[in-house]
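Colleague:
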Amino acid sequence: MSEYEKMGLKVGLEIHQQINTSHKLFCECPTTLDEESQGKLERYLRPVVSELGQVDVAAFFEWEKGKKIVYEVPRKSSCLVECDEEPPHPMNLDAIKLGLAMTLAFNGEPVDEIFVMRKTVIDGSNTSGFQRTAIVGLGGYIKDAEGLVTIQTIAIEEDAARKLEDTPDSVKYNLDRLGIPLIEISTGPDIKTPEQAKRVALLIGQMLRLTGRVKRGLGTIRQDLNVSIAGGVKTEIKGVQELDMIPKIIENEANRQRELLKIRDELRTRITRDDFERKVKEKDLTGLFTSSRSRLIQSELKKGGKVLGLLAPGFKGILGRQVMPGRRFGTEVSDYVKALAGLGGIFHSDELPNYGIVEEEVQRVAKELGTGELDGFILVVGPEEKVRKALQVIRDRLSQAFEGVPKETRAANEDGTSKFMRPQPGSARMYPETDIPSILSRELLEDAKKIMPSTPEQKLKELMKMGLNEELAKQVLNSPRLDQFEYLTRKYTNVSPTIVATTLENTLKYVKSQGGNIDKITDEDIETVIASVNQGKITKDSIPQILLEYSTPNSNTKIEAVISKYSGISEEELINLIREVVAQNREEVKSKGDKAFSLLMGKVMERVRGRVEGKKVAELIRKVMKDETG
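Residue numbers for the sequence shown follow this note's numbering, beginning at 255 and rising by one.
Given below as structure tokens:
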């Protein structure tokens, strides 16, 4: 039995992929990002009671922050629909068809009638306070080496606004991304290992790319993970951008839950939850720190802030215990304070003395709070209102530790760890959208069948039939640029598919390794280069040099200008050049005879590399050498 089987690991995936339609899901605006603003909107959003008479906990959490929401209104990619000043238009049927096609591809059942629902979201990412989403398919499965992974739902929904800035008092968004169609594919909790999760996510991503109807690039695909172990709870980790990070994030979350369960068990041997609630106390300790050498404390005191302390009965040694690499239980508590109270963090007894707080101050705090042998303490510094709110947040989080793993939504960090984001939403979050008519799926199924993707196995065979070796074919199959490969090979038939694939998958990596800025190289630039090869203006050998020179940092040269430098030379010009090189090396040619070929080849290629194929150069060198030697 593997380690993860012993832990009872369960993982489910939610894959969100932008669909490359001509217009947004509920209006006719283009699905392109747009920095040209025509104005701003300012709003405050608040939660409302659902039809069940409940307020969603996640919505209430966002509302408590009290932030002002500022929206940049782009000129080209927004209208009154994004501004929530006009009802949504009928749904984009091209997006619905893709959802139905993926449902069929994964052996699921299309729903008979597609209804749009409203999902409460009041973090400001939607101007309306909710996200519109529609389930188009139920059920289905994916075959994996470790067993079948079920598909629970396939939905089409609108993407959120693009966050530009987040401050303690406000958050700013651009409305260009709001409304771009997304397909969401949710699996069941059938994934048993971190590596299996990566394989399943890769397969789903491949299948989506094989349709040729999804966007690519940073931010166009996002994986959310639902992770639990035996005794823990399902924890949602949002915003995983890189496929390769999935195993590490799952491993860290499984270990975090295991450590939290160990902390729970140890706490229960020290103190009961009731005794903790009875003994925990807070105290104003500002007077102890009036002469502190801590710059942070002095800075807050000068602004009229307070230092409050909280006695944490039973928590000595636990606040400093590591739950993930570089993150301790105290960090978990600090994340709650940052998110719920708007402060920068906390000091706790397991990390002191430190941060300018000296041993003498630590002893005075312990005495004032009356810490026992197994007790810890936490210090919070800042404006009194926020500090008192923080202490209540800390009390609640420490109390939760007696239960084990709290139900929460977390955000993925770049290093493979995660941090508290907000409480998990409840059932009060969803309600029907009354402004959009339902859609009968049977009227769209025939069109959906036409865009069903082939399986990766079938596609691999097709790529190899085009002349790609197996390794290169697998690179293309796994690549986000698969659609670009297919477009270029269809359009430029005089260029070998192997050349196109090598350019997209290997040459760009080479250019980056040589210091080129590949972010500068657009799809249009690559097409211009391939078109030049197709027309015989340049050789395939010149592609790396052209892209490297074009992508040199701080260079403003246009791609066409670089290509012109590598345009081919006539046979007559080449023969004259070879004769010149032979003349310059006549003595070696005489002494070495045919063995001088390599020397001549190297010297000629130095001057014509990228402009003439090596095979042609070799052929003419041999001809000239033969003529010269008689």
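Here a beta-carbon is modelled for each residue, glycine too, at the ideal position from N, C-alpha and C.
Let me know the secondary structure DSSP gives Arg470 once reduced to three states.
Modeller: Here residue 470 corresponds to residue number 216 of the sequence shown, with the count starting at 1. It is coil, neither helix nor strand.
Colleague: The alpha helix (DSSP H) that contains Pro751, what's its start and end?
Modeller: As a working mapping, residue 751 is identified with position 497 in the sequence shown. Counting along the chain, the alpha helix (DSSP H) containing Pro751 begins and ends at 751-756.
Colleague: Between Lys330 and Lys870, what straight-line distance do the alpha-carbon atoms span, to the nearest angstrom?
Modeller: Counting from one through the sequence shown, the residue named residue 330 turns up at place 76. Counting from one through the sequence shown, the residue named residue 870 turns up at place 616. Straight-line Cα distance between these residues: approximately 51 Å.
Colleague: Hey, quick one: how far does the alpha helix (DSSP H) through Gln738 stretch, first residue to last?
Modeller: Taking the first residue of the sequence shown as position 1, residue 738 is located at position 484. Looking at the DSSP string, the run of the alpha helix (DSSP H) that includes Gln738 is 736-745.
Colleague: Excluding five sequence neighbours on each side, which residues of the same chain lie with their C-beta closer than 7 Å to the C-beta of Phe583?
Modeller: For the purposes of this step, residue 583 is taken as the residue at position 329 of the sequence shown. So the qualifying residues of the chain are Ile517, Ile572, Leu573, Arg575, Val577.
Colleague: Would you say Ala702 and Ala409 are within 7 Å of each other, going by their C-beta atoms?
Modeller: On the sequence shown, position 448 is the one that residue 702 refers to. On the sequence shown, position 155 is the one that residue 409 refers to. Not closer than 7 Å, so no.
Colleague: What does a CB cutoff of less than 6 Å around Phe601 pick up in its chain, not counting 5 residues either side in sequence?
Modeller: Against the sequence shown, residue 601 aligns to sequence position 347. Closer than 6 Å at Cβ, skipping near neighbours: Leu633.
Colleague: Got a sec, what are the start and stop residues for the beta strand (DSSP E) Met371 sits in?
Modeller: Against the sequence shown, residue 371 aligns to sequence position 117. Per DSSP, Met371 belongs to the beta strand (DSSP E) from 371-374.
Colleague: Cα-Cα, which of Ser845, Asn810, Met859 is closest to Leu831?
Modeller: On the sequence shown, residue 831 is found 577 positions in, with the first residue counted as 1. It is Met859 whose Cα lies nearest to the Cα of Leu831.
Colleague: Where does Arg386 fall in DSSP's three states?
Modeller: Position 132 of the sequence shown, counted from the start, is the residue given in the question as residue 386. DSSP places Arg386 in strand when its eight states are reduced to three.
Colleague: Can you confirm whether the stretch 497-517 touches the stretch 662-676 when touching is taken to mean that 3 or more C-beta pairs between the two stretches lie within less than 8 Å?
Modeller: Result yes; three or more Cβ-Cβ pairs closer than 8 Å.
Colleague: Within 10 Å of its beta-carbon, does Thr357 have 16 or more other beta-carbons around it, so buried, or fewer, so exposed?
Modeller: Position 103 of the sequence shown holds residue 357. Flag for Thr357 reads buried.
Colleague: Answer yes or no: do Leu287 and Glu412 have a C-beta to C-beta separation smaller than 7 Å?
Modeller: Residue mapping note: residue 287 aligns to position 33 of the sequence shown, counting from 1. Residue mapping note: residue 412 aligns to position 158 of the sequence shown, counting from 1. Not closer than 7 Å, so no.
Colleague: Using alpha carbons as the reference points, say which of Ala595, Gly353, Glu662, Val730 lies closest to Leu645.
Modeller: In the sequence shown, residue 645 corresponds to position 391, counting from 1. Out of Ala595, Gly353, Glu662, Val730, Ala595 has the C-alpha closest to the C-alpha of Leu645.
Colleague: Keeping to the same chain, check which residues put their C-beta closer than 8 Å to that of Leu497; ignore five residues upstream and five downstream.
Modeller: Position 243 of the sequence shown holds residue 497. Taken in chain order, the residues that qualify are Lys452, Ala455, Leu456, Gly459, Gln477.
Colleague: Determine the contact status of Gln450 and Glu400, defining contact as a CB-CB distance below 7 Å.
Modeller: Position 196 of the sequence shown holds residue 450. Position 146 of the sequence shown holds residue 400. Yes; because the gap between Cβ atoms is below 7 Å, this pair is in contact.
Colleague: Where in the stretch 821-861 do unbroken runs of the alpha helix (DSSP H), each at least 4 residues long, occur, reported from the N-terminal end onward?
Modeller: 825-838, 840-846, all fully within the stretch 821-861.
Colleague: Taking 7 Å as the threshold (C-beta atoms), are Val765 and Leu801 in contact?
Modeller: Residue mapping note: residue 801 aligns to position 547 of the sequence shown, counting from 1. Residue mapping note: residue 765 aligns to position 511 of the sequence shown, counting from 1. Yes. Within cutoff.
Colleague: Here's the rule: buried if 16 or more other CB atoms are within 10 angstroms of the residue's CB, otherwise exposed. What is Arg581?
Modeller: As a position in the sequence shown, residue 581 is number 327, starting the count at 1. So Arg581 counts as buried.
Colleague: Leaving out five residues on either side along the sequence, give the residues of the same chain with a beta carbon under 7 Å from the beta carbon of Asn361.
Modeller: If you number the sequence shown from 1, residue 361 lands on position 107. If we look at Asn361 and ignore the five residues flanking it on each side, its Cβ neighbours are Gly394, Tyr395.
Colleague: Where does Ser767 fall in DSSP's three states?
Modeller: Within the sequence shown, the letter at position 513 stands for residue 767. Three-state result, Ser767: helix.
Colleague: Note down the Cα distance separating Lys713 from Glu268, rounded to an integer number of angstroms.
Modeller: For this step, residue 713 is matched to residue 459 along the sequence shown. For this step, residue 268 is matched to residue 14 along the sequence shown. Answer to the nearest angstrom: the Cα atoms are 24 Å apart.
Colleague: For Thr235, is the classification buried or exposed, using 16 other Cβ atoms within 10 angstroms of its Cβ as the cut-off for buried?
Modeller: Residue 235 lies beyond the residue range present for the chain, which begins at 255 and ends at 884; the question has no answer from this structure.
Colleague: Determine which residues share a DSSP beta bridge with Ile323 and list them.
Modeller: Along the sequence shown, read from residue 1 onward, the residue named residue 323 stands at position 69. Per DSSP, Arg297, Val425.
Colleague: Could you tell me the alpha carbon to alpha carbon distance between Ile376 and Leu299, rounded to whole angstroms?
Modeller: Counted from its first residue, the sequence shown places residue 376 at position 122. Counted from its first residue, the sequence shown places residue 299 at position 45. Distance between the alpha carbons of Ile376 and Leu299: 6 Å.
Colleague: Less than 7 Å between CB atoms is the rule here; does Val616 satisfy it with respect to chain D?
Modeller: The structure shown has no chain D; it contains just one protein chain.
Colleague: Pairs of beta-carbons, one from the stretch 843-861 and one from the stretch 802-814, closer than 8 Å: are there three or more?
Modeller: No, because fewer than three Cβ pairs between the stretch 843-861 and the stretch 802-814 fall closer than 8 Å, the two stretches do not touch.
Colleague: Starting from the N-terminal side, write out each stretch of the beta strand (DSSP E) that is 3 residues or longer and does not extend beyond the stretch 549-591.
Modeller: Counting only runs of 3 or more, we get 560-566, 576-578.
Colleague: Across the stretch 343-355 and the stretch 651-668, are there enough close Cβ pairs to call them in contact, namely three or more that are closer than 8 Å?
Modeller: Because the criterion of three Cβ pairs below 8 Å is not met, the stretch 343-355 and the stretch 651-668 do not touch.
Colleague: Could you give the distance in angstroms between the alpha-carbon of Gln899 and the alpha-carbon of Pro751?
Modeller: Because the chain is modelled from 255 through 884, residue 899 falls outside the range shown and cannot be assessed.
Colleague: Could you tell me whether the Cβ atoms of Tyr590 and Phe674 are closer together than 7 Å?
Modeller: For the purposes of this step, residue 590 is taken as residue 336 along the sequence shown, with counting starting at 1. For the purposes of this step, residue 674 is taken as residue 420 along the sequence shown, with counting starting at 1. Yes, they are a contact pair.
Colleague: Are Asn732 and Arg467 close, meaning C-beta to C-beta below 7 Å?
Modeller: To locate residue 732, count along the sequence shown from 1; it is residue 478. To locate residue 467, count along the sequence shown from 1; it is residue 213. Not in contact: Asn732 and Arg467 (Cβ atoms no closer than 7 Å).
Colleague: Evaluate Arg735 with the Cβ neighbour count: other Cβ atoms within 10 Å of its Cβ, from every protein chain shown; 16 or more gives buried, anything less gives exposed.
Modeller: Position 481 of the sequence shown, counted from the first residue, corresponds to residue 735. Label assigned to Arg735: buried.
Colleague: By the 10 Å Cβ neighbour count, where 16 or more other Cβ atoms means buried, how is Tyr609 classified, buried or exposed?
Modeller: For the purposes of this step, residue 609 is taken as the residue at position 355 of the sequence shown. The residue in question, Tyr609, is exposed, as its Cβ has fewer than 16 Cβ neighbours within 10 Å.
Colleague: Roughly how many angstroms separate the alpha carbons of Ser708 and Lys322, rounded to a whole number?
Modeller: Indexing the sequence shown from 1 puts residue 708 at position 454. Indexing the sequence shown from 1 puts residue 322 at position 68. Going from the Cα of Ser708 to the Cα of Lys322 covers about 47 Å.
Colleague: Decide if Asn748 is buried, meaning its Cβ has at least 16 other Cβ atoms within 10 Å, or exposed.
Modeller: The count along the sequence shown starts at 1 and reaches residue 748 at position 494. Classification for Asn748: exposed.
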